[in-house]
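Here's the structure we're looking at; comments come further down.
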Amino acid sequence: MRLLILAVLPLLGAVGVGLVQRSHRGVGSAWLISVITVLIGWGLSLMSTWQAAYSQITIPWLLPSSSFRSIIAFSSDSNRWVYILLAFTLGTTVLLTAPSRLALQSGPKNWIANLINIAVLIPALSAEDVTAIALSWTLLDSVAILTEHLLIGVPPRKSMINLLGRWLSTLLIIGVALSQTPPGSQLDPRSWSQLSGMLFFLGIALRVGLIPLGAGISFSTQANRGVWTVLNYQNPLLGLALLTRFAGPELSASFGLSALPLLLSLWGVVNALLWGNSPEASQGFPHWIAAMSSLALTSAYTANASPLPWALLIVLMGTCPLLAIFVLPPRRVFLFLTLLTFSTLPLTPLAGGWQGLMTTLGGWIWPLTVAISITGWYHHMDNAKSSLVTSERWIVAVYGLGLLLLPLTAWGLWGLKPTLYTQAWLAGSITFLLTLAGVLGLHHRIIPLSSARPFFVWLGQRINQTQHSFVQFFSLIWLINGFTLLHKGLKPLAHFLEGVLEGESGLLWALVLLALLLSLANASGISP
């Protein structure tokens, strides 16, 4: 019942905002309705996470078959409630900080879009079987593409590429269900072959944005930053929720690639460096996702490890520089609290993330990766220099409260089920010391002053060129451009054949082609 309420609640809020707008009662009333909606959803999901209440919705399916059940199910357990809470936390932060962007033309249309996308995201996160996954993910992708086109102004070509990539991810998950033994709508890693494990890995990697680099992500302006943030966190949330559901020894055994942790650690540290070198948080966002999702994937494919702590890091910490476009009044307090929250030290919310991870191949690369990523986070937070100029003090208050909600949610989750995990204190301490060194270097301008020397200027130019080439190659833009050129090159040939077949001798050429096909079929032993 709670799951149904949380799925319907944002839709009711969107309808309420639309009705208020049509009655011309002001922007303030519309914003208040949207904020109350997501706050209620945040509270309900936090309570459900605490109680670990199991909730399920079953819907009769109109296309029964021998392999798949005649009903589709949506359910939520202790792990999936956390992801639903993350979705509502993201929506609450976006809407609490929305008044600060009113001068940038961020208004009720964006808030309605946020509520609708959150409403569609909830059933996608709780999809139980493959049929439910296919339907809910496809619906979410379609709504997201429509929102991108109407509000963000993403070019149609980019929108279609994003949609095809998301659909391919869904098809790969369907392929897992068809290739397992026996085929069925319920995914079970114990019945997966190596092909099934590979399809699942590729489907998750494509969904979270690990490969290709920046898949489904388009750059934004400050005006639509809220909608952009919600849209581009949907895919990582979906992929990580499904990954957490099946994390364990069975998942690792289904893939059978012993070098996978090392490859992921190398991919993670490279993207962490590129995230820190990016000039703006929204431009470096694909690298943040790639670096941290590599860590989550490694945890999922490691025994006695969980990707859930790293999902908290990806969403809660990664959202801050995207929405903190103005300087916070208690700036130092917020930065200290956030850095402490996600420091991975013992007795902090993410300390359990190191469990079982350091024994993997390339495991000791991860503290460096996390430290570089958090240092890059501080760099992007420090880039916000403009103050929030407004005569309304409540706008400044809710702006700060919205950003403060992110680390407080992490502490709230830890407080509901406190874990005193201290076995990996060495990894957490190394990460903290490396992060502290990087942050102090940025804070005291040691790194920028050193980079002003001629050698470092030359080195910076080479790094930027390498980063551009790296992104161009691993984002597979060259492959897309190659297909575009091939399509343009084949157009004249298609027009020529069309002219021949539509001409006076078209019927004769059609008969000749038919005879040729029949002769080829006979030669290959196929009876027509």
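Count the sequence shown with my numbering and you get residues 1488 to 2015, in order.
For each residue, glycine too, the CB sits at the ideal point set by N, CA and C.
This one's a predicted model, so the numbers in the text were calculated from it and none came from an experiment.
Buried/exposed call for residue i, threshold 16 Cβ in 10 Å
i, result
"H1867", "buried"
"M1685", "buried"
"I1605", "buried"
"M1647", "exposed"
"E1879", "exposed"
"N1791", "exposed"
"S1553", "Bear in mind that the predicted position of S1553 carries a pLDDT of just 48, short of 50, making it too unreliable to give a figure here."
"P2015", "Interpretation of P2015 is limited by its pLDDT of 47, a score under 50 that renders its predicted location unreliable; the figure taken from the coordinates is listed afterwards. Exposed, by the Cβ-count rule."
"E1767", "exposed"
"P1794", "buried"
"S1873", "exposed"
"P1610", "buried"
"P1643", "exposed"
"I1620", "buried"
"R1819", "exposed"
"W1775", "buried"
"Q1721", "buried"
"N1870", "exposed"
"I1812", "buried"
"I2030", "Nothing can be reported for residue 2030, as the shown portion of the chain is limited to 1488 through 2015."
"L1927", "exposed"
"G1515", "exposed"
"L1998", "exposed"
"I2013", "Annotation note: pLDDT 47 at I2013 (below 50); position unreliable, coordinate value reported separately. Classification of I2013: exposed, given that the 10 Å Cβ count is below 16."
"S1521", "buried"
"T1918", "buried"
"P1593", "Per the sequence presented here, residue 1593 reads as Ser, with Pro not at that position. S1593 comes out buried."
"F1823", "exposed"
"V1814", "exposed"
"S1860", "buried"
8 Å contact criterion, which residue i and residue j should meet: CB distance rounded
i, j, result
"I1603", "A1501", "5 Å"
"T1835", "C1807", "In fact, because the Cβ distance is near 17 Å, the residues do not count as touching under 8 Å."
"A1777", "W1754", "7 Å"
"L1724", "L1608", "7 Å"
"W1864", "M1804", "6 Å"
"L1491", "I1544", "6 Å"
"I1660", "V1630", "That pair is no contact at about 19 Å."
"P1664", "S1656", "The residue you asked about is not Pro; residue 1664 is Ala in the sequence shown. Contact flag wrong, Cβ pair sits at about 14 Å."
"S1562", "E1615", "5 Å"
"T1856", "A1759", "5 Å"
"L1890", "T1579", "That belief does not hold up - the Cβ atoms of L1890 and T1579 are roughly 11 Å apart, past 8 Å."
"G1451", "L1496", "Any property of residue 1451 remains undetermined from this structure, which presents the chain solely from 1488 to 2015."
"S1765", "L1697", "Contact flag wrong, Cβ pair sits at about 17 Å."
"L1622", "I1559", "7 Å"
Residue nearest to residue i in terms of C-alpha spacing, selected from the options
i, options, result
"F1821", "A1787, L1893, L1760", "L1893"
"L1726", "L1749, W1797, N1764", "Before going further, note that residue 1726 is Gly rather than Leu in the sequence given. Closest by alpha carbon: W1797."
"A1540", "D1564, I1527, P1643, L1519", "D1564"
"Y1788", "V1663, N1764, P1736", "P1736"
"T1731", "G1690, R1694, L1784", "L1784"
"A1692", "S1672, L1638, L1747, P1642", "L1747"
"T1716", "G1976, S2006, I1801", "I1801"
"T1846", "L1913, G1530, N1870", "L1913"
"H1930", "I1917, R1489, T1862, P1699", "T1862"
"S1535", "G1690, M1488, P1905", "M1488"
"L1682", "G1696, F1823, G1662, L1697", "G1662"
"L1799", "L1809, G1840, S1765", "G1840"
"G1843", "W1762, G1713, T1668, S1786", "S1786"
"W1568", "V1504, L1612, K1978", "L1612"
"W1624", "L1499, N1711, A1897, R1694", "R1694"
"L1744", "I1859, S1916, L1519, L1848", "L1848"
"G1713", "L1498, L1591, G1915, L1519", "L1591"
"Y1908", "W1881, P1669, K1975, L1837", "L1837"
"G1763", "K1904, A1858, W1518, L1589", "A1858"
"L1718", "N1649, L1761, F1742", "N1649"
"G1640", "P1595, N1711, I1523, L1526", "N1711"
"W1654", "L1689, L1498, Q1508, A1494", "L1689"
Chain D contact for residue i (CB, 8 Å cutoff)
i, result
"L1693", "In the structure shown, chain D cannot be found, because there is only a single protein chain."
Hey, which unbroken runs of the beta strand (DSSP E) at 3 residues or more fall wholly within the segment 1559-1592?
-> none
Runs of alpha helix (DSSP H) lying entirely within the segment 1806-1832, each at least 4 residues, in chain order | 1818-1828
Inspect the CB distances between the segment 1662-1680 and the segment 1771-1786 and report whether three or more fall short of 8 Å.
-> no
Mind listing, in chain order, the continuous alpha helix (DSSP H) runs of no fewer than 4 residues lying wholly within the segment 1637-1717?
-> 1643-1666, 1681-1695
Validate contact between the segment 1581-1600 and the segment 1869-1887 using beta carbons, cut 8 Å, 3 pairs = yes
Complete alpha helix (DSSP H) runs within the segment 1752-1803 (minimum length 4 residues, chain order) | 1768-1787, 1795-1799
Three-pair Cβ contact test at 8 Å for the segment 1843-1862 versus the segment 1748-1762 | yes
Inspect the CB distances between the segment 1830-1849 and the segment 1912-1930 and report whether three or more fall short of 8 Å.
-> yes
Do the segment 1629-1644 and the segment 1593-1600 make contact, defined as three or more Cβ pairs closer than 8 Å?
-> yes
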